[in-house]
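A.B. asks: Residue numbers (the working numbering): 2 to 294. My questions will all concern the structure given below.
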């Protein structure tokens, strides 16, 4: 089971976005769609019957998209880094993602890659594309960009997350040289694994008008209440903050959802009365308490 699942928040066009992404990447499909009922639609401002969540795969990796309304906007603080592994593939993906979008770094040769690009697609999601190969079946990696007052915290964050999750380790890191004028050891880039799931993180100098927010969060799939309690306590400690419905922010501002698999089973119960009752219970919770559902 993929323990950590990226979760993408859209206003009301999640289905359109997911259809676009699954048409673009290999080994991709839509696994399941849940829809708003009267109660959840009323609470969210969406229409009853509209798609609520969409579970899908890109390159064999699990993702979830949500139609959640206009509350949070995607930005460059969290992007998705794609190891394309061929000129043909990177050129195809760049062409499709940049259409009606914004090119941050044109597809070109850079000091760190013989062919690389950074684009924001027409839905607002950021992608970094690299022609390089990766020695892993995971071809798409979430990528954190630490900016402004967090620019020095890349290594601290990677080390912290590695203590929270099992099967975690630092894969590689790349520090700034002396000419950057930053404290010795400040990282430009790091790649690390959490619960056997790869992430990239980097720092960005200068002033930026974005930061981590709820538009990209990460679902931690938990087997039982003990796991829920563990991740909730760890990630809200030392400056993290609790939110509703299993959501929280860690001390760096990254959003996580601590979700027991039992909650998903109950929300997708074929009995609509049962599933609606569970939904209403969840909407009243901060940390999910399985026995109260």
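Heads up, the beta-carbon is just placed ideally off N, CA and C, and yes, glycines get one too. Since this is a predicted model, take the numbers as computed values, not measurements.
In whole angstroms, what separates the C-alpha of residue 137 from that of residue 39?
C.D. replies: Position 136 of the chain shown, counting from 1, holds the residue named residue 137. Position 38 of the chain shown, counting from 1, holds the residue named residue 39. Approximately 43 Å between the Cα atoms of the pair.
A.B. asks: Residue 163 and residue 193 - do their beta-carbons sit closer together than 8 Å?
C.D. replies: Numbered from its first residue, the chain shown carries residue 193 at position 192. Numbered from its first residue, the chain shown carries residue 163 at position 162. Against a cut-off of 8 Å, the Cβ pair of residue 163 and residue 193 comes out as a contact.
A.B. asks: Quick one: complete beta strand (DSSP E) runs, 3+ long, within the stretch 29 to 63?
C.D. replies: Runs found: 30 to 36, 52 to 59.
A.B. asks: Where does residue 177 sit, in a helix, a strand or coil, going by DSSP?
C.D. replies: To locate residue 177, count along the chain shown from 1; it is residue 176. Reduced to three states, the DSSP call for residue 177 is coil.
A.B. asks: Taking the straight line between their C-alpha atoms, what separation do you get for residue 268 and residue 281?
C.D. replies: The residue labelled residue 268 in the question sits at position 267 within the chain shown. The residue labelled residue 281 in the question sits at position 280 within the chain shown. Taking the straight line from one Cα to the other gives about 10 Å.
A.B. asks: Quick one: Cα of residue 31 to Cα of residue 210, how far?
C.D. replies: In the chain shown, counting from the first residue as 1, residue 31 sits at position 30. In the chain shown, counting from the first residue as 1, residue 210 sits at position 209. When rounded, the distance between both Cα atoms is 33 Å.
A.B. asks: Would you report the Cα separation of residue 118 and residue 285, rounded to the nearest angstrom?
C.D. replies: Sequence index remark: in the chain shown, residue 118 carries index 117 (1-based). Sequence index remark: in the chain shown, residue 285 carries index 284 (1-based). Distance between the alpha carbons of residue 118 and residue 285 is about 43 Å.
A.B. asks: Beta strand (DSSP E) containing residue 165: first to last residue?
C.D. replies: The residue labelled residue 165 in the question sits at position 164 within the chain shown. From DSSP, residue 165 is part of no beta strand (DSSP E) but of the alpha helix (DSSP H) over 155 to 165.
A.B. asks: Quick check on this structure: which residue in 128, 215, 72 has the alpha carbon closest to the alpha carbon of residue 1?
C.D. replies: The first residue shown for the chain is 2 and the last is 294, placing residue 1 beyond what the model contains.
A.B. asks: So does the stretch 93 to 104 actually touch the stretch 237 to 247, counting three or more Cβ pairs closer than 8 Å?
C.D. replies: no
A.B. asks: The beta strand (DSSP E) with residue 116 in it runs from where to where?
C.D. replies: The count along the chain shown starts at 1 and reaches residue 116 at position 115. Note, residue 116: beta strand (DSSP E), 114 to 121.
A.B. asks: Out of 226, 142, 160, state which residue places its alpha-carbon closest to the alpha-carbon of residue 288.
C.D. replies: Here the question's residue 288 lines up with position 287 in the chain shown. It is 226 whose Cα lies nearest to the Cα of residue 288.
A.B. asks: Please report the distance separating the alpha-carbon of residue 205 from that of residue 177.
C.D. replies: Along the chain shown, one-based indexing puts residue 205 at 204. Along the chain shown, one-based indexing puts residue 177 at 176. Taking the straight line joining both Cα atoms gives about 11 Å.
A.B. asks: Do the CB positions of residue 1 and residue 83 come within less than 8 Å of each other?
C.D. replies: Examination of residue 1 is not possible in this model, given that the chain is present from 2 through 294 alone.
A.B. asks: Residue 59 and residue 29 - do their beta-carbons sit closer together than 8 Å?
C.D. replies: As a position in the chain shown, residue 29 is number 28, starting the count at 1. As a position in the chain shown, residue 59 is number 58, starting the count at 1. For residue 29 and residue 59, yes; Cβs fall inside 8 Å.
A.B. asks: What distance in whole Å lies between the Cβ atoms of residue 99 and residue 120, which are believed to be in contact at a cut-off of 8 Å?
C.D. replies: Here residue 120 refers to the residue found at position 119 of the chain shown. Here residue 99 refers to the residue found at position 98 of the chain shown. That pair is a contact at about 5 Å.
A.B. asks: Roughly how many angstroms separate the alpha carbons of residue 151 and residue 175, rounded to a whole number?
C.D. replies: Reading the chain shown from its first residue, position 150 is the one you call residue 151. Reading the chain shown from its first residue, position 174 is the one you call residue 175. C-alpha separation (whole angstroms): 17 Å.
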